[in-house]
Structure formats: C-alpha cells, structure tokens
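Step one of this worksheet: look at the structure below.
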Amino acid sequence: MVGPGTGVAPFRAAIQERVAQSQAGNFLFFGCRWRDQDFYWEAEWKELEKRGCLTLITAFSREQKQKVYVQHRLRELGPLVWELLDRQGAYFYLAGNAKYMPSDVSEALTSIFQEEGGLSGPDAAAYLARLQRTLRFQTETWA
106 MVGPGTGVAP FRAAIQERVA QSQAGNFLFF GCRWRDQDFY WEAEWKELEK RGCLTLITAF
166 SREQKQKVYV QHRLRELGPL VWELLDRQGA YFYLAGNAKY MPSDVSEALT SIFQEEGGLS
226 GPDAAAYLAR LQRTLRFQTE TWA
C-alpha cells in the first residue's frame, strides 16, 4: 500500500481489518513533508510495526536537502517490491494526490520490473498493465 499524505486514510481501515483477521504481510509506504507535523497515525503504525503486523516504510520529503518521496523508497526496495508482486502475488494499492505521484510511482514500478525482473521497457509496461487488468494494481487519486 502506498499512501502519501492524506492518501494514507483509506489504508488505515484496510490495515486494521487485515490485522483483525490475522493477515500477515502488510506493507505501507507512507510519505509526507514533515515527520513532526504530517505523520498521520504515527503511534498506531509504530505499534503495529512493533507487534509484527506491519512493515512501515516512510519518506519525509522536507527533512533533508534532497527531497525523498515514496517512489524513491519503492526504488530503494526494488528487490522486495519485485518479490512481493511477482513471486508472492501481492496486491498494490495507491491512494493520494493525482498531480504527479501516480505517474511517478508507476515509473518507479516499471523501472523495478526492468531491473529486478529483467523485463524490457515494453514488457515492464505490459506487466504493469496486466496487474491493473487483474485488479492487483489499483489506484484512488484525487486532484
């Protein structure tokens, strides 16, 4: 699940439901500008992480000179992302601002498919399209 900013809101209930059903393998990529101002439900995420119910990956874009966004974290964890999607059949959910983030995340994913899966550019794009067609890649974005 990738939910920067207020995009994390729908994932809170989804993660709570998965935890209540004892479903493991919950990954959340969360991004915001400032950890101390915008880290929605920080204590809840950290508690779930401590209990082993959630793997939380964060990107705080304004806390260092070079901006870091969720797509950067996805690329850094490319081998894990490929393993989850290709070998474990994971689902990928994305929610948030529609301006740049969805296309940036899609570009990061196709890059991962090329680097980790050995796919050509067209094959990586087709792989992402197949994930979308089979509802394993879903987005909810707004302007």
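In the working numbering, the protein residues as written are 106 to 248. Heads up, the beta-carbon is just placed ideally off N, CA and C, and yes, glycines get one too. Being a predicted model, the structure only gives us computed values, none of them experimental.
Pick from Y174, S225, I162: whose alpha carbon is nearest that of N202?
Locating residue 202 in the sequence shown gives position 97, where the first residue counts as 1. The shortest Cα separation from N202 among Y174, S225, I162 belongs to Y174.
So F242 packs on A229, CB below 8 Å; how close in whole Å?
By 1-based counting over the sequence shown, the position of residue 242 is 137. By 1-based counting over the sequence shown, the position of residue 229 is 124. The Cβ separation is near 13 Å, so there is no contact.
For V107 versus F132, is the C-beta spacing smaller than 7 Å?
By one-based count along the sequence shown, residue 107 stands at place 2. By one-based count along the sequence shown, residue 132 stands at place 27. Result no, Cβ atoms of V107 and F132 do not sit closer than 7 Å.
Please work out which residues of its chain come closer than 7 Å, Cβ to Cβ, to T215, disregarding the five sequence neighbours upstream and downstream, and give them in chain order.
Within the sequence shown, numbered from 1, the residue matching residue 215 stands at position 110. Here the set comprises A229, A230, L233.
Separation of E220 from D191, as counted between CA atoms
Walking along the sequence shown from the start, residue 191 turns up at place 86. Walking along the sequence shown from the start, residue 220 turns up at place 115. D191 and E220: Cα-Cα distance of roughly 13 Å.
Residue from C137, R138, E212, I120 whose Cα sits closest to the Cα of E149:
For the purposes of this step, residue 149 is identified with residue 44 of the sequence shown, where counting begins at 1. The residue with the shortest Cα to Cα distance from E149 is I120.
First and last residue of the uninterrupted alpha helix (DSSP H) at E147
Locating residue 147 in the sequence shown gives position 42, where the first residue counts as 1. It spans 147–155 - the alpha helix (DSSP H) in which E147 sits, taken as one unbroken run.
CA nearest to the CA of A213, picked from R138, A164, F165, R180:
Translated into positions along the sequence shown, residue 213 becomes position 108. Of the candidates R138, A164, F165, R180, the one whose C-alpha sits nearest the C-alpha of A213 is R180.
Alpha carbon to alpha carbon, how far is A125 from G136? Give it in angstroms, no decimals.
Position 31 of the sequence shown, counted from the start, is the residue given in the question as residue 136. Position 20 of the sequence shown, counted from the start, is the residue given in the question as residue 125. C-alpha separation (whole angstroms): 25 Å.
Inspect the beta-carbon positions of P184 and T244 and report whether they are closer than 7 Å.
Reading the sequence shown from its first residue, position 79 is the one you call residue 184. Reading the sequence shown from its first residue, position 139 is the one you call residue 244. For P184 and T244, no; Cβs fall outside 7 Å.
Give the secondary structure of A234 by DSSP, where H, G and I count as helix, E and B as strand, and everything else as coil.
Taking the sequence shown and counting its residues from 1, the one referred to as residue 234 is at position 129. DSSP places A234 in helix when its eight states are reduced to three.
Return the CA-CA distance between R238 and G157, expressed in angstroms with no decimal places.
Walking along the sequence shown from the start, residue 238 turns up at place 133. Walking along the sequence shown from the start, residue 157 turns up at place 52. For R238 and G157, the distance between alpha carbons rounds to 31 Å.
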